[in-house]
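Undergrad: Dropping the structure in here first, questions after.
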Amino acid sequence: MPGGRLSQQERQQIALGVADSLPYAEIARRLDRPTSTITREVMRNGGPTAYRADLAHRATERRAHRRRPASSRGAESVPQPHGRDAEAVAEYEETFTTVLMASGLTKMTARVLTCLFTTDAGSLTASQLAQRLQVSPASISKAITFLESQSLVRRERDERRRDRYVVDDELFYQATIASARSNDQLVATARQGVAILGPNTPAATRLENIARFLDFISESITRAAEQAREVLHTKLETTSAAPANQVQTTDRQPSRPPQP
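Per our numbering, the very first residue in the sequence shown carries number 54; after that it's consecutive.
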């Protein structure tokens with residue numbers, strides 16, 4: 054209804070209209086909304102060149118979350134380990150999820166990954182994820198399938214033969230290497246086009262430059278990941294003389310990676 058809060062479906066229609074370069078007045082007419090509502094919605098969420106319906110809706114949810122009284126936030130009433138502030142943890146999880154969405158993940162995939170990252174054990178079962186996030190097992194399964202395909206989580210069986218989904222020290226390294234290698238097919242295809250289009254033609258030169266660029270980027274990423282791999286295995290610990298939240302020492306201090 055005009056004047057009410059925009060729905061996620063309306064934001065998707067706004068995104069389609071913006072992508073088609075429709076005037077804000079036309080988008081507003083189609084949604085039976087004031088033009089000022091559409092203009093304000095787009096401009097406060099990245100502008101016409103960066104507007105995304107899912108991120109805009111997420112931003113609205115976060116604003117509503119901050120305005121909601123603490124007593125009404127069910128997740129924040131759950132006791133937290135290590136004396137953590139439940140409200141601060143919930144707010145951080147909201148922030149982390151939004152950042153992951155901005156990187157290209159869907160909302161549910163980002164929520165699942167955030168949940169795993171912020172769990173001390175670094176692993177949860179599908180039922181635990183569904184319970185923590187208050188969603189259906191089917192939603193968890195779809196998100197996990199995508200995360201596994203990107204090497205961002207791995208699956209293992211626990212002593213009760215349940216599947217557990219794990220984020221560990223090696224996964225970020227593996228995901229980085231997989232991302233670097235994902236360019237290999239594009240490099241090979243671009244160089245195939247060089248031969249077909251004819252050496253020294255403008256199109257062939259363009260494709261060869263693309264291939265060389267991607268080759269250099271992939272090699273640089275792979276080399277940097279290898280050099281910095283040990284950082285992912287650094288263990289932090291505190292001493293009894295230090296405050297609980299202050300890191301004092303590490304039992305494995307990586308050396309500074311050599312310059313390539």
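The beta carbon of each residue, even a glycine, is placed where N, CA and C say it ideally should be.
#1: Just the Cα atoms here: how many angstroms apart are Ala241 and Val206?
#2: Go through its chain and collect everything with a Cβ distance to Gly99's Cβ below 6 Å, but skip five positions before and after it.
#3: How many angstroms separate the CA atom of Val71 from the CA atom of Tyr77?
#4: So what does Arg207 bridge to, in DSSP terms?
#5: Going straight from the alpha carbon of Arg58 to that of Ile91, what length do you get?
#6: Please tell me whether Thr178 and Arg215 are closer than 7 Å, where the distance is taken between their beta carbons.
#7: Run the CB neighbour count on Ile249, radius 10 Å, all protein chains shown included, and call it buried at 16 or more, exposed below.
#8: Excluding five sequence neighbours on each side, which residues of the same chain lie with their C-beta closer than 8 Å to the C-beta of Pro134?
#9: Going by other Cβ atoms of all chains shown within 10 Å of its Cβ, with 16 needed for buried, is His286 buried or exposed?
#10: Around the Cβ of Ile270, are there at least 16 other Cβ atoms within 10 angstroms (buried) or fewer (exposed)?
#11: So which of Arg164, Ala191 and Ile197 has the shortest CA-CA distance to Arg185?
#12: For Leu260, count neighbouring Cβ atoms within 10 angstroms of its own Cβ and tell me buried if that reaches 16, exposed if not.
#13: By the DSSP assignment, the beta strand (DSSP E) with Leu177 in it spans what residues?
#14: Using a Cβ-Cβ cut-off of 6 Å (strictly less than) and excluding sequence neighbours within five positions of Ser232, which residues of its own chain qualify?
#15: Only counting the same chain, and skipping five residues up and downstream in sequence, which positions put a Cβ closer than 8 Å to that of Ala243?
#16: From the DSSP output, in three-state form, read off Asp237 for me.
#17: With a 10 Å radius around its C-beta and 16 neighbouring C-beta atoms as the bar for buried, classify Val152 as buried or exposed.
#18: Using beta-carbon positions only, say whether Met154 and Leu108 come within less than 7 Å of one another.
#19: Measure the alpha-carbon distance for Arg115 versus Gln61 and round it to whole angstroms.
TA: In this structure, then:
#1: Going by the C-alpha atoms only, they are around 29 Å apart.
#2: Residues of the same chain with a CB within less than 6 Å of the CB of Gly99, apart from the 5 flanking positions on each side, do not exist.
#3: Those two C-alpha atoms are separated by around 8 Å.
#4: According to DSSP, which records beta bridges pairwise, Arg207 is partnered with Val219.
#5: Each residue's Cα considered, the two are about 12 Å apart.
#6: It is a contact, given that the beta carbons lie within the stated cut-off.
#7: Counting Cβ neighbours within 10 Å, Ile249 comes out exposed, since fewer than 16 surround it.
#8: Correct list, in chain order: Asp173.
#9: With a 10 Å radius around the Cβ and a threshold of 16 neighbouring Cβ atoms, His286 comes out exposed.
#10: Only exposed fits Ile270, as fewer than 16 other CB atoms lie within 10 angstroms of its CB.
#11: Out of Arg164, Ala191 and Ile197, Arg164 has the C-alpha closest to the C-alpha of Arg185.
#12: Under this definition Leu260 is a buried residue.
#13: Unbroken beta strand (DSSP E) run through Leu177: Ser176 to Thr178.
#14: Counting only Cβ-Cβ distances below 6 Å, and skipping sequence neighbours, we find nothing.
#15: Around Ala243, the same chain offers Leu260, Glu261, Ile263, Ala264 and Leu267 as residues with beta carbons nearer than 8 Å, after the five sequence neighbours per side are excluded.
#16: In the structure shown, Asp237 sits in a helix (DSSP, three-state: H, G or I).
#17: Here Val152 is exposed, its C-beta having fewer than 16 other C-beta atoms within 10 Å.
#18: Their beta carbons are under 7 Å apart, which means Met154 touches Leu108 by this criterion.
#19: Our two residues, Arg115 and Gln61, have alpha carbons roughly 14 Å apart in a direct line.
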